[in-house]
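Residue numbers (numbering that gives the first Met the number 0), protein chains in the order written: chain A, 0 to 271; chain B, 0 to 209.
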Amino acid sequence: MMYEMGQSRRDYGVLVSGRIFSLISLILISAAVLLMIRRAKQGKVPRIRRLAGLDAIDEAVGRATEMGRPVHYTIGWASGGLSGSMAAQILAGLSVLGYVGELAAKYGVKVITTVSQPDTLPLHEEILRLAYQKQGRPDALAPDSVRFISIDLYAYSAGVLGEIEREKPAANIMIGPFWMESLLFTEAGFRQGAIQIAGTARTSQIPFFVATCDYTLIGEEIFAAGAYLSKEPSQIGTIAAQDMGKIFALILLLSGLLLHAFGNPVTKLINI
Amino acid sequence: MSFGSRRTVPMIITFLVGMVMFAEYFFKMPYVADVANMMRNFGIVIAAFALGLGAANLLIIHGRHIRKRTPKQWYFSAWLFIVMFTFIAVGVGFTVNAPAYVWLFENTLTPVSTTTYSLLAFFIASAAYRAFRFRTKEGALLLISGVILMLGNIPMVGISVPGISALATWLLTVPTMAGLRAVLIGAAVGTIVLGVRAFLGQERGYMVGE
């Protein structure tokens with residue numbers, strides 16, 4: 000909100016001024032999530048559209064099995080790791096890793112994950128260990144499946160390029176926050192003839208994925224991935240809540256547009 | 000530790016930490032900011048330990064490659080060790096601000112990083128060659144908009160073809176921006192829902208769905 004010089008924010012007691020509208024929005028979206036979980040538990044599971052990128056994971060791992068080549072998985076590079084602003088995208092990527100790990104364990108194909116953020120390294124290891132354990136094949140997990148490369152973006156990029164070149168994966172799955180390395184990895188994957196599935200919510204990298212990958216998950220789709228792949232009714236319900244959140248955002252957009260058009264100071268309302 | 004408690008304990012920790020951060024952001028409550036700061040410091044300490052785990056992972060994996068003389072790999076692993084230990088020795092011996100370390104950094108890592116980044120120019124060209132094909136309606140749109148944008152950014156063409164620079168700017172600021180904002184709004188809502196799911200213990204993908 001644009002405040003004039005000398006003008007102070009109003010005091011809202013225990014609430015932090017300027018964040019009240021965010022709090023209201025959060026409460027509304029949380030209520031939608033709870034409502035949809037409850038409905039799903041009552042058997043009213045919402046129908047959600049198919050996400051081709053996530054459905055193709057089975058095909059990609061199956062292809063790797065047929066070709067006898069590994070699956071490469073990465074969540075990309077994110078400054079700050081789990082404590083940074085990209086944490087949600089990291090978690091979304093890790094949710095899909097669990098599913099890929101289970102498929103890899105089931106079909107007996109090697110999965111290679113390249114890691115840039117050290118605080119996610121134990122998570123990668125644990126997720127794959129649990130995935131193989133769940134499939135009853137804990138011994139099949141290769142000890143070098145999880146490979147820490149570097150915390151530096153360029154060193155990480157160069158390291159992953161080398162891994163893709165040497166290991167020749169048949170499937171290259173990349174879901175998470177990506178920076179300049181997105182195009183480097185997908186081009187390296189293309190040269191190896193890998194089926195490529197990528198997803199990110201970083202708008203600057205989405206065009207590279209769309210141009211170079213077989214399947215792309217755009218923005219919000221990566222956040223729905225964990226719930227979508229779980230196939231659990233209560234989690235599927237939360238995807239419908241995500242749509243309700245978008246409708247809420249759309250109503251806000253339209254209201255703001257109309258109020259602004261008629262000269263109402265809508266920003267004052269939103270920035271309470 | 001049973002499978003159940005291995006799931007339950009992280010969920011409880013996630014919920015409690017999330018509640019503290021939530022309270023700190025939205026409410027003015029005594030001591031909450033101190034607790035939140037303490038938790039952030041815990042995060043920094045855990046991340047520092049994790050860096051040690053990363054180094055251990057590198058040593059184990061590349062040590063194995065050297066021991067087994069893995070074809071097309073072991074000499075890279077050996078080189079990694081040489082560079083890694085050189086940096087550690089110089090950094091610990093002279094500190095990271097010492098001229099020796101700065102020289103090493105600027106004459107090895109900086110040019111290599113720049114080289115890696117510059118690869119993008121060639122990769123963009125090859126990716127564009129494959130993507131900009133007149134095979135589908137979407138491909139045609141991409142090709143036409145891409146050509147307009149490229150031409151619009153060339154000063155000579157901008158002068159010779161009236162309106163092309165304005166059209167390129169319009170493409171970037173109107174349809175592209177509209178699409179990007181839609182993706183951003185969707186992603187923002189998705190982030191909130193993922194957060195709420197994690198809060199409620201519903202987001203269990205990173206615990207392999209159990």
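All residues carry an ideal CB built from backbone N, CA and C; glycine is no exception.
Please classify residue i: is it buried, with 16 or more other beta-carbons within 10 angstroms of its beta-carbon, or exposed?
{"i": "residue 94 of chain B", "result": "exposed"}
{"i": "residue 164 of chain A", "result": "exposed"}
{"i": "residue 5 of chain A", "result": "Residue confidence for residue 5 of chain A is low, a pLDDT of 45 falling below 50, so the modelled location carries little weight; the figure read from the coordinates is stated next. The residue is exposed, with fewer than 16 neighbouring Cβ atoms inside 10 Å."}
{"i": "residue 8 of chain B", "result": "exposed"}
{"i": "residue 118 of chain A", "result": "buried"}
{"i": "residue 181 of chain A", "result": "buried"}
{"i": "residue 115 of chain B", "result": "buried"}
{"i": "residue 114 of chain A", "result": "buried"}
{"i": "residue 74 of chain B", "result": "exposed"}
{"i": "residue 161 of chain B", "result": "exposed"}
{"i": "residue 146 of chain A", "result": "buried"}
{"i": "residue 49 of chain B", "result": "buried"}
{"i": "residue 101 of chain B", "result": "exposed"}
{"i": "residue 11 of chain A", "result": "exposed"}
Would you say residue i reaches chain B, if we count a Cβ-Cβ gap shorter than 8 Å as a contact?
{"i": "residue 73 of chain A", "result": "no"}
{"i": "residue 168 of chain A", "result": "no"}
{"i": "residue 223 of chain A", "result": "yes"}
{"i": "residue 210 of chain A", "result": "yes"}
{"i": "residue 157 of chain A", "result": "yes"}
{"i": "residue 112 of chain A", "result": "no"}
{"i": "residue 121 of chain A", "result": "yes"}
{"i": "residue 65 of chain A", "result": "no"}
{"i": "residue 85 of chain A", "result": "no"}
{"i": "residue 165 of chain A", "result": "yes"}
{"i": "residue 14 of chain A", "result": "yes"}
{"i": "residue 80 of chain A", "result": "yes"}
{"i": "residue 117 of chain A", "result": "yes"}
{"i": "residue 173 of chain A", "result": "no"}
{"i": "residue 0 of chain A", "result": "Model confidence at residue 0 of chain A stands at a pLDDT of 42, short of 50, so the residue's coordinates are unreliable and nothing is read from them."}
{"i": "residue 34 of chain A", "result": "no"}
{"i": "residue 47 of chain A", "result": "no"}
{"i": "residue 196 of chain A", "result": "no"}
{"i": "residue 106 of chain A", "result": "no"}
{"i": "residue 191 of chain A", "result": "no"}
Taking 7 Å as the cut-off, is the beta-carbon of residue i closer than that to any non-hydrogen atom of the ligand GDP?
{"i": "residue 222 of chain A", "result": "What this structure holds is no ligand at all, so the ligand GDP is not there to describe."}
Would residue i count as contacting chain A if we go by Cβ distances under 8 Å?
{"i": "residue 196 of chain B", "result": "yes"}
{"i": "residue 30 of chain B", "result": "no"}
{"i": "residue 105 of chain B", "result": "no"}
{"i": "residue 68 of chain B", "result": "no"}
{"i": "residue 56 of chain B", "result": "yes"}
{"i": "residue 82 of chain B", "result": "no"}
{"i": "residue 159 of chain B", "result": "no"}
{"i": "residue 101 of chain B", "result": "no"}
{"i": "residue 133 of chain B", "result": "no"}
{"i": "residue 24 of chain B", "result": "yes"}
Can the beta-carbon of residue i be found less than 8 Å from the beta-carbon of residue j?
{"i": "residue 172 of chain A", "j": "residue 72 of chain A", "result": "yes"}
{"i": "residue 186 of chain B", "j": "residue 80 of chain A", "result": "no"}
{"i": "residue 167 of chain A", "j": "residue 191 of chain A", "result": "yes"}
{"i": "residue 235 of chain A", "j": "residue 47 of chain A", "result": "yes"}
{"i": "residue 293 of chain A", "j": "residue 209 of chain A", "result": "A question about residue 293 of chain A goes unanswered here, because the residues of chain A that appear run from 0 up to 271."}
{"i": "residue 52 of chain A", "j": "residue 219 of chain A", "result": "no"}
{"i": "residue 183 of chain A", "j": "residue 119 of chain B", "result": "yes"}
{"i": "residue 70 of chain A", "j": "residue 60 of chain A", "result": "yes"}
{"i": "residue 14 of chain A", "j": "residue 26 of chain B", "result": "yes"}
{"i": "residue 233 of chain A", "j": "residue 36 of chain A", "result": "yes"}
{"i": "residue 194 of chain B", "j": "residue 139 of chain A", "result": "no"}
{"i": "residue 163 of chain B", "j": "residue 147 of chain B", "result": "yes"}
{"i": "residue 89 of chain B", "j": "residue 99 of chain B", "result": "yes"}
{"i": "residue 205 of chain A", "j": "residue 211 of chain A", "result": "no"}
{"i": "residue 16 of chain B", "j": "residue 23 of chain B", "result": "no"}
{"i": "residue 248 of chain B", "j": "residue 120 of chain A", "result": "Absent from the model: residue 248 of chain B. The displayed extent of chain B is 0 to 209, so no value can be given."}
{"i": "residue 153 of chain A", "j": "residue 117 of chain B", "result": "no"}
{"i": "residue 58 of chain B", "j": "residue 86 of chain B", "result": "no"}
{"i": "residue 255 of chain A", "j": "residue 188 of chain B", "result": "no"}
{"i": "residue 80 of chain B", "j": "residue 61 of chain B", "result": "yes"}
{"i": "residue 145 of chain B", "j": "residue 131 of chain B", "result": "yes"}
{"i": "residue 193 of chain A", "j": "residue 169 of chain A", "result": "yes"}
{"i": "residue 110 of chain A", "j": "residue 144 of chain A", "result": "yes"}
{"i": "residue 57 of chain A", "j": "residue 102 of chain A", "result": "yes"}
{"i": "residue 248 of chain A", "j": "residue 184 of chain B", "result": "yes"}
{"i": "residue 176 of chain A", "j": "residue 77 of chain A", "result": "yes"}
Using a Cβ-Cβ cut-off of less than 7 Å, list which residues of the stretch 236-261 of chain A approach chain E; keep chain order. Chain labels in this structure do not include chain E; the protein chains are A and B.
Three or more beta-carbon pairs under 8 Å between the stretch 132-150 of chain A and the stretch 29-44 of chain B, yes or no? no
Determine, using beta-carbon pairs with one atom in the stretch 221-230 of chain A and one in the stretch 95-102 of chain A, whether at least three such pairs fall under 8 Å. yes
Which parts of the stretch 88-172 of chain A are runs of the beta strand (DSSP E), unbroken and 3 residues or longer, counting only runs that do not cross its ends? 110-114 and 145-147
For the stretch 202-268 of chain A, which segments carrying the beta strand (DSSP E) assignment without a break, of at least 3 residues, lie completely within its bounds, in sequence order? 214-217
Ranges of the alpha helix (DSSP H) found wholly within the stretch 87-132 of chain B, counting only runs of at least 4: 98-103 and 109-130
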